[in-house]
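To start, the structure under review is shown below, and the notes come after it.
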Amino acid sequence: MKKDKALILAASGTGKTIAAQKCENVVDLERMKYAFIIDTNLYGKLSIEEQKNLISGWLLKPEKYPSGSIIWNPECPENYIKAISNELDCGNTVLIPFIPRVYNLVLENFANDTRKILVLPEKDSFEEYKNRYIKRGNDENFIKVRESELHELAELFENAKGFEKIVLGKGKYLTEELVSRGICKCKK
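Note that my numbering has the sequence shown beginning at 7, numbered continuously upward.
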């Protein structure tokens, strides 16, 4: 199978992390690592889901958090663009979150010669995804942020030009779609 690198923007809960673990030449670049600086003296070492919960709470009500305990990384988005570009240059398929800010970053920074794919769950599947979030340990703040993005993501998806589009059906995950479409193959 030919290495088929792509830049894939997939909605939260679609299975980016699992796809990166199961598929060859696929990396999951979580934006938070590049976009935020979290005071580890105050919060300690957090898992990725704990970081998502913390940042979602901060995004909803920053006044509830100690000043300077979470800040936007001044090196972002340049550091994120560079990380994505480096992985693509290595021939990897890159999974990133499909959120409005990242979508716009991709439009502004990645040429037409980059294969770009949007992944969104089918309409009316938020309850299924809410259960996925809860199962992996996301809190109410995280769920509120994801729910607030639904209409904007659907509109971006519908109007996107220059992107391939994948709608994940109920009960489906990203790995099976990537493999069935020949974008990647599972590790042995």
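Ideal Cβ placement from N, Cα and C applies to all residues, glycine included.
Quick caveat: nothing in here was measured; it's all calculated off a predicted structure.
In the DSSP assignment, what are the bridge partners of residue i?
i: PHE42; result: TRP78
i: ILE14; result: LEU101 and ILE123
i: GLU32; result: One point to set straight first is that residue 32 is Val, not Glu, in the sequence displayed. Answer is THR99.
From the beta carbon of residue i, is the nearest beta carbon of chain B less than 8 Å away?
i: ARG187; result: Note that chain B does not occur in the displayed structure, where there is just one protein chain.
Just to confirm the assignment, what range does the beta strand (DSSP E) spanning residue i have?
i: PRO72; result: Per DSSP, PRO72 belongs to no beta strand (DSSP E) and is neither H nor E.
Rounding to the nearest angstrom, what Cα-Cα distance links residue i and residue j in this structure?
i: MET7; j: LYS193; result: Low per-residue confidence applies at MET7: pLDDT is 34, beneath 50, and the placement is therefore not dependable, though the value from the model is reported in the following sentence. C-alpha separation (whole angstroms): 13 Å.
i: THR181; j: GLU155; result: 23 Å
i: ALA26; j: ASP34; result: 6 Å
i: LYS9; j: VAL112; result: Any reading at LYS9 is ruled out, since the residue's pLDDT is 47, under 50, leaving its predicted position unreliable.
i: GLU153; j: PRO127; result: 13 Å
i: GLU81; j: PRO72; result: 22 Å
i: THR99; j: LYS171; result: 16 Å
i: GLU158; j: PRO106; result: 7 Å
i: VAL173; j: PRO68; result: 33 Å
i: LYS191; j: VAL32; result: 9 Å
i: TYR109; j: SER75; result: 27 Å
i: ALA41; j: LYS129; result: 29 Å
i: SER186; j: GLU56; result: 32 Å
i: TYR135; j: SER18; result: 8 Å
i: GLY97; j: ILE149; result: 34 Å
i: LYS176; j: GLY188; result: 21 Å
i: LYS88; j: TRP78; result: 17 Å
i: MET38; j: GLU161; result: 24 Å
Go to residue i, then tell me how far its alpha helix (DSSP H) extends in each direction, as first and last residue.
i: LYS171; result: Premise fails: LYS171 lies in the beta strand (DSSP E), 170–174, not in any alpha helix (DSSP H).
i: PRO103; result: From DSSP, PRO103 is part of no alpha helix (DSSP H) but of the beta strand (DSSP E) over 99–103.
i: ARG187; result: No alpha helix (DSSP H) holds ARG187; DSSP gives it neither H nor E.
i: TYR179; result: First-last for TYR179: undefined, no H or E at that position.
i: LYS5; result: No answer is possible for residue 5: it lies beyond the span of the chain, which begins at 7 and ends at 194.
i: PRO106; result: 106–115
Assuming residue i and residue j are in contact, meaning their beta carbons sit under 8 Å apart, how far apart are those beta carbons, in whole angstroms?
i: THR197; j: VAL151; result: Outside the modelled stretch of the chain, which goes from 7 to 194, sits residue 197, for which no answer is possible.
i: ASN118; j: GLY168; result: 6 Å
i: ILE90; j: LEU13; result: 7 Å
i: ILE44; j: LEU65; result: Wrong, their Cβ atoms sit about 13 Å apart, outside the cutoff.
i: GLY63; j: ASN147; result: 4 Å
i: LYS22; j: LEU101; result: 4 Å
i: TYR179; j: ILE24; result: 7 Å
> Which runs of the beta strand (DSSP E) fall wholly inside the segment 117–151 and span at least 3 residues, in chain order?
Replying inline: 122–127
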